[in-house]
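Residue numbers (the numbering used here), protein chains in the order written: chain A, 317 to 657; chain B, 152 to 299.
Glycine residues also receive a C-beta, built at the ideal position from the N, C-alpha and C atoms.
Here the structure is a predicted model, which means the values were calculated and not measured.
Working notes, structure below.
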């Protein structure tokens, strides 16, 4: 962090809030998302004679990130989810030029008194697992149900035609593997060919897809209330089953795929999603999207490993991604595709 | 005997993770230190088993190529498979094993795509066998981390 970051941030907020004065305190980097640098701070400003103080979060582009994402998309996805009444931090300001803080960034509300579930924990939600599961799968269903036009995000990247959702996503992630693989990937290549030979049915609708909706990407409080769905940087338009399959993926199951996301039994999770979304998770379509989810994971981890190997981003999370989750997703794909071969 | 490198990495990682990381007040530094400790644990597994895993992968692929080459219709691919099936690893150096592994994986991808396009029961059984070899490799390479 550069020494004058607080001063520059204060100057930006003065302009943003048309404030008489603004001060920044306690600016410190926190873990949170691999594709942006995340900082927490307290801002105090005076406007119209009133003094206002808020805890805020700064999300700034890193020099290179685990996945290349648009911060404007992430910011607008927060705006859409906030308007929909979902539990997300209130988005405050977006700055796309590098002139203010060296790199583009956005600012949002800090949600305090919460924690995230550690993906390596065997029992991250303990006594609150059922309560959190009820909210987790229902919120995902609400995202699927929402109309992108009404949310003002119909221009988001992604599929426009319900027939094209799968093709677009497979093409997107195949390109990532083509560009970034450090060694030949026979499991991923076999999975890609399987996905293309067995396309899923047409999407039931075009939905907002969070892109990384999973355990570890939401804040919950001590009473088991989900207070903030985070990390919308991969949001796009597509088949709502894409998000459901990603959330069900064994990598996020805390060691028990029968209880996805460490919450409730799989059948109950799907039923909650169906009820909230008004859609059906037809088993063969869902299976296709689950194979796709693990393949997408492989692509993300390969991309992270490439960033690290090339020295563009030395954050340990990039090396970790290229080792542990990649090994899990290769295992999931090989097991599932061997079983049906 | 000097301490085994794998054990040194494991114990140092446990020390960082369970004793030192909790003493760090800054969340980002604590989280990063914990992640570095996990990387050390994974590196310890690779230090202990890396050569074995790569050697077993390479042996499996060569045996597979020898068994499936008679099915292959493409003459150039058949020749490459036969050549690879008759080779063996001459060094336990990790970089040398990785180079051989990359070549064999490239050939495995070509063989898999070729077999998928062939008709008949034998081709389907071959497909199943290829996935079996890839599953065994993935199982060997699956990393284990401590429950947190």
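In this model, residue 597 of chain A and residue 513 of chain A are separated by some 21 Å (Cα to Cα).
Residue environment for residue 656 of chain A: exposed (fewer than 16 other C-beta atoms within 10 angstroms of its C-beta). Inter-residue distance for residue 171 of chain B and residue 182 of chain B is about 11 Å (C-alpha atoms, whole angstroms). Around the CB of residue 566 of chain A, 16 or more other CB atoms lie within 10 Å, so the residue is classed as buried. Take residue 332 of chain A, set aside five residues on each side of it, and the residues of its chain with a beta-carbon closer than 6 Å to its own are 409, in chain order.
Pairing residue 274 of chain B with residue 266 of chain B gives a Cβ-Cβ distance under 8 Å. A residue is called buried once 16 or more other Cβ atoms fall within 10 Å of its Cβ, and residue 177 of chain B, having fewer, is exposed.
Annotation: Cβ neighbours of residue 647 of chain A in chain B (cutoff 9 Å, chain order): 286, 289, 290, 292 and 293.
Distance from residue 390 of chain A to residue 549 of chain A at the Cβ level is roughly 4 Å; contact confirmed, criterion being Cβ atoms closer than 8 Å. A residue is called buried when at least 16 other Cβ atoms come within 10 angstroms of its Cβ; residue 479 of chain A does not meet this threshold and is exposed. Under DSSP, residue 537 of chain A forms a beta bridge with A/430.
Taking all protein chains in view, the Cβ of residue 174 of chain B is surrounded by fewer than 16 other Cβ atoms within 10 Å, so the residue is classified as exposed. Secondary structure note for residue 283 of chain B: its alpha helix (DSSP H) is the uninterrupted segment 272 to 292. Among the bridge pairs identified by DSSP, residue 223 of chain B is matched with none.
Chain B has a Cβ within less than 8 Å of the Cβ of residue 644 of chain A. Secondary structure of residue 361 of chain A (DSSP, three-state): strand. When DSSP states are grouped into helix, strand and coil, residue 531 of chain A belongs to the coil group. Residues of chain A with a Cβ closer than 7 Å to the Cβ of residue 189 of chain B are, in chain order, 636. With distances taken between CA atoms, residue 355 of chain A lies nearest to A/321 out of A/328, A/321 and A/400.
The DSSP-derived three-state label of residue 401 of chain A is coil. Contact between residue 559 of chain A and residue 459 of chain A holds: CB atoms are separated by about 7 Å, below the 8 Å threshold. A direct Cα-Cα distance of roughly 12 Å separates residue 249 of chain B from residue 203 of chain B. When rounded, the separation of the alpha-carbon atoms in residue 404 of chain A and residue 535 of chain A is 9 Å.
Residue 155 of chain B and residue 475 of chain A have their C-alpha atoms spaced approximately 54 Å apart.
If you keep only unbroken beta strand (DSSP E) runs of at least 3 residues inside the region 499 to 574 of chain A, you get 523 to 525, 534 to 537, 542 to 545 and 552 to 554. The Cβ of residue 436 of chain A sits closer than 8 Å to at least one Cβ of chain B. Beta-bridge partners of residue 341 of chain A (DSSP): A/358.
Residue 465 of chain A and residue 288 of chain B have their C-alpha atoms spaced approximately 46 Å apart. Interface flag for residue 264 of chain B against chain A is set, since a Cβ pair is found closer than 8 Å. For the pair of segments examined, the region 617 to 630 of chain A was found not to touch the region 564 to 580 of chain A: the number of CB pairs separated by less than 8 Å stays below three. Residue-level contact check: residue 617 of chain A does not touch chain B, since none of the beta carbons of chain B fall below 8 Å from its beta carbon. Listed in chain order, the positions of the region 229 to 258 of chain B with a beta carbon within less than 8 Å of a beta carbon of chain A are 249, 252, 253, 256 and 257.
Taking each of A/343, A/338, A/330 and A/387 in turn and checking the Cα distance to residue 319 of chain A, the smallest one comes out for A/343. Relative to residue 166 of chain B, the option among B/238, B/221 and B/186 whose CA is nearest is B/186. Collapsing the DSSP output to three states places residue 374 of chain A in a strand.
Flagged as an interface residue toward chain A: residue 178 of chain B, by a C-beta distance shorter than 8 Å.
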